[in-house]
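Notes to accompany the following structure.
Residue numbers (the numbering used here): 2 to 94.
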């Protein structure tokens, strides 16, 4: 019985995939996994968007607005396209 629970838990963990930030709907909560734009990485970290940071998508477009803790950050579409996340709330578009 314990194996079934453990097996189920591991299956759920494997289903958490990394997706582009712009593939999500406003209101979605996500966790930062990767920033492909190396030039933006340091600036994003200084704004609180660190590896594993949880944030909510407020608006898509240009700018894409996300909320990290109690701060809202506007990201250009180019920067937003380079961000990959794991979804923690709501569904993909």
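Cβ coordinates follow ideal geometry from the N, Cα and C atoms, glycine included.
Owing to the predicted nature of the structure, the values given are computational and were not obtained by experimental measurement.
Measure from the alpha carbon of residue i to the alpha carbon of each residue in the options, then state which is nearest.
{"i": "residue 80", "options": "24, 19, 37", "result": "37"}
{"i": "residue 45", "options": "89, 86, 76, 87", "result": "76"}
{"i": "residue 18", "options": "26, 28, 33", "result": "33"}
{"i": "residue 31", "options": "20, 49, 82", "result": "20"}
{"i": "residue 57", "options": "82, 41, 71", "result": "71"}
In the DSSP output, what is residue i paired with across the bridge?
{"i": "residue 65", "result": "76"}
{"i": "residue 70", "result": "Answer by DSSP bridge pairing: none, since residue 70 is not bridged."}
Ordered along the chain, which non-local residues of its own chain (more than five positions away) have a Cβ less than 8 Å from that of residue i?
{"i": "residue 78", "result": "23, 62, 63, 64, 65"}
With DSSP as the reference, label residue i as helix, strand or coil.
{"i": "residue 24", "result": "helix"}
{"i": "residue 43", "result": "helix"}
{"i": "residue 81", "result": "helix"}
{"i": "residue 31", "result": "strand"}
Suppose the cutoff is 7 Å on Cβ atoms and the five residues either side in sequence are ignored; what does the same chain contact list for residue i look like?
{"i": "residue 59", "result": "27, 66, 67, 68, 73"}
{"i": "residue 8", "result": "Any reading at residue 8 needs caution, since the residue's pLDDT is 41, under 50, leaving its predicted position unreliable; the model's value is listed next. Excluding positions up to five away in sequence, the list is empty."}
{"i": "residue 89", "result": "30, 31, 32, 55"}
Leaving out the 5 sequence neighbours to the left and right, which residues in its chain are closer than 6 Å to residue i when beta-carbon positions are compared?
{"i": "residue 84", "result": "22, 36"}
{"i": "residue 48", "result": "74"}
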